[in-house]
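Those letters in the sequence shown? Residues 16 to 353, per this note's numbering, in order.
Since the structure comes first, as structure tokens, the remarks are kept for the end.
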Amino acid sequence: MDVALGFDTSCYTTSVAAVDETGTVVAFQRMLLPVRSGQRGLRQSEAVFAHVRQLPLLASRVAEALGTAGICAVAASCAPREGSDSYMPVFTVGEGHGRATASLLRVPFYPVTHQQGHIAAGQLGNAEMDSRFVALHLSGGTTDLLLCEHGALTLLGATLDLNAGQLVDRIGVAMGLPFPAGPKLEALALNNLLQTEALLPASLTRGDLDCHLSGAETQCLRWIAAETYPRERIAAEAFDLLARTVARMITAACKHTGARQALAVGGVASSTLLRKLIADRMSRLNRTLDLRFGKPEYSADNAAGVAWLGMRRYLAERKTGDGAGVTEARQPGGDPTP
């Protein structure tokens, strides 16, 4: 059995994964970066150091799980998203390990973006998507609305201030929850006994393709400081706001592009509660849309999608006989869909 190895070193998580030629994840390791209580994340330098410490351990665990399997290709997320201005130091750790591994094994190295990895991971275990669909990437560093069309990503809309994950984390940390705060804040919301009343108004612009979330953060922090509502109620209202905002953005994007399918990916989209709220809202806004979510384990930051993209590119080059890109430096990009 041959596998492609994937590395992803984001602002939140260190991850290594291996995927075979069928798209089956045969080895998967992930570890959150350590964040002290009360902090809302790490500086890039701190995150880089944490990745340097954690990546060898995860790689050794993946190697043990692979046994005698052969590694035919290596991929790594080298930037947050496509574009010459997209750069974060944390991704150099995974890229460096990936390039070194590929060189030592004399196999191809494929650079991809963190966002492409998320979209690919969201399709693992799902029925095949159309060649043209809308993707919503919801995470701590990204709230992007994208058109995925024949292997190309086009930005349709985005947050104009705060990202979805930042909203969740900042509210949670203000309540004394550990960072990242998503799971604990969701647990609070699920314990809310009061009916949500849309106390946080959705703020969207440009035909519902762009959104603002900073106003919701300000209001929630005021409620927390003044103890206006129980923490459970505030958490529930925050998730309700995100669902209303996301549903309108997806509806607008599908109307704008004519796409019939949508895929929600990213750590925030791994929330069971948020998925239910979005699905319920979408059932009222657009009954004909095929809305999908990635498997929860492949929604938060992970290297499974990165590895799958590497395998897909390896198989495509093997089929065409094109090996020109082997281990040489190339710009992130390419087909974001398996």
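Glycine included, every Cβ here is placed at the ideal spot set by N, Cα and C.
Keep in mind the model is a prediction, meaning the values are calculated, not measured.
Who pairs with residue i in a beta bridge, going by DSSP?
{"i": "residue 233", "result": "Bridge partners of residue 233: none, in fact."}
{"i": "residue 107", "result": "The partner list for residue 107 (beta bridge, DSSP) is empty, contrary to what the question assumes."}
{"i": "residue 88", "result": "19"}
{"i": "residue 307", "result": "278"}
{"i": "residue 164", "result": "147 and 167"}
{"i": "residue 126", "result": "91"}
{"i": "residue 175", "result": "Its beta-bridge partners do not exist; DSSP assigns none."}
{"i": "residue 220", "result": "225"}
{"i": "residue 24", "result": "29"}
Can you tell me the Cα-Cα spacing of residue i and residue j, whole angstroms?
{"i": "residue 56", "j": "residue 50", "result": "6 Å"}
{"i": "residue 172", "j": "residue 277", "result": "14 Å"}
{"i": "residue 108", "j": "residue 102", "result": "13 Å"}
{"i": "residue 23", "j": "residue 218", "result": "33 Å"}
{"i": "residue 126", "j": "residue 132", "result": "10 Å"}
{"i": "residue 222", "j": "residue 266", "result": "10 Å"}
{"i": "residue 329", "j": "residue 33", "result": "13 Å"}
{"i": "residue 134", "j": "residue 247", "result": "31 Å"}
{"i": "residue 83", "j": "residue 309", "result": "30 Å"}
{"i": "residue 183", "j": "residue 261", "result": "14 Å"}
{"i": "residue 96", "j": "residue 128", "result": "5 Å"}
{"i": "residue 169", "j": "residue 163", "result": "7 Å"}
{"i": "residue 40", "j": "residue 318", "result": "10 Å"}
{"i": "residue 122", "j": "residue 38", "result": "19 Å"}
{"i": "residue 62", "j": "residue 333", "result": "36 Å"}
{"i": "residue 16", "j": "residue 85", "result": "6 Å"}
{"i": "residue 138", "j": "residue 236", "result": "36 Å"}
{"i": "residue 160", "j": "residue 264", "result": "8 Å"}
{"i": "residue 35", "j": "residue 314", "result": "19 Å"}
{"i": "residue 284", "j": "residue 294", "result": "12 Å"}
{"i": "residue 152", "j": "residue 53", "result": "26 Å"}
{"i": "residue 60", "j": "residue 70", "result": "15 Å"}
{"i": "residue 306", "j": "residue 155", "result": "22 Å"}
{"i": "residue 116", "j": "residue 47", "result": "23 Å"}
{"i": "residue 189", "j": "residue 274", "result": "39 Å"}
{"i": "residue 124", "j": "residue 249", "result": "46 Å"}
{"i": "residue 21", "j": "residue 269", "result": "31 Å"}
{"i": "residue 252", "j": "residue 299", "result": "19 Å"}
Starting from residue i, follow the alpha helix (DSSP H) in both directions and report where the run begins and ends.
{"i": "residue 77", "result": "59-81"}
{"i": "residue 14", "result": "Because the chain spans 16 through 353 in this model, residue 14 falls outside it and cannot be assessed."}
{"i": "residue 330", "result": "319-335"}
{"i": "residue 260", "result": "246-272"}
How would you write the range of the beta strand (DSSP E) that residue i sits in, first residue to last?
{"i": "residue 227", "result": "225-227"}
{"i": "residue 210", "result": "Element bounds for residue 210: n/a, residue is neither H nor E."}
{"i": "residue 39", "result": "First-last for residue 39: undefined, no H or E at that position."}
Please state whether DSSP places residue i in a helix, a strand or coil.
{"i": "residue 169", "result": "strand"}
{"i": "residue 294", "result": "helix"}
{"i": "residue 121", "result": "coil"}
{"i": "residue 32", "result": "strand"}
{"i": "residue 159", "result": "strand"}
{"i": "residue 50", "result": "coil"}
{"i": "residue 93", "result": "strand"}
{"i": "residue 243", "result": "coil"}
{"i": "residue 98", "result": "coil"}
{"i": "residue 56", "result": "coil"}
{"i": "residue 200", "result": "helix"}
{"i": "residue 300", "result": "helix"}
{"i": "residue 192", "result": "coil"}
{"i": "residue 315", "result": "coil"}
{"i": "residue 286", "result": "coil"}
Looking at the C-beta of residue i, does it have a partner C-beta in chain D at a distance below 8 Å?
{"i": "residue 216", "result": "Of the protein chains in this structure there is only one, and it is not chain D."}
### Query
Where are the beta strand (DSSP E) runs, 3 residues long or more, that stay fully inside the region 130-156, in chain order?
147-153
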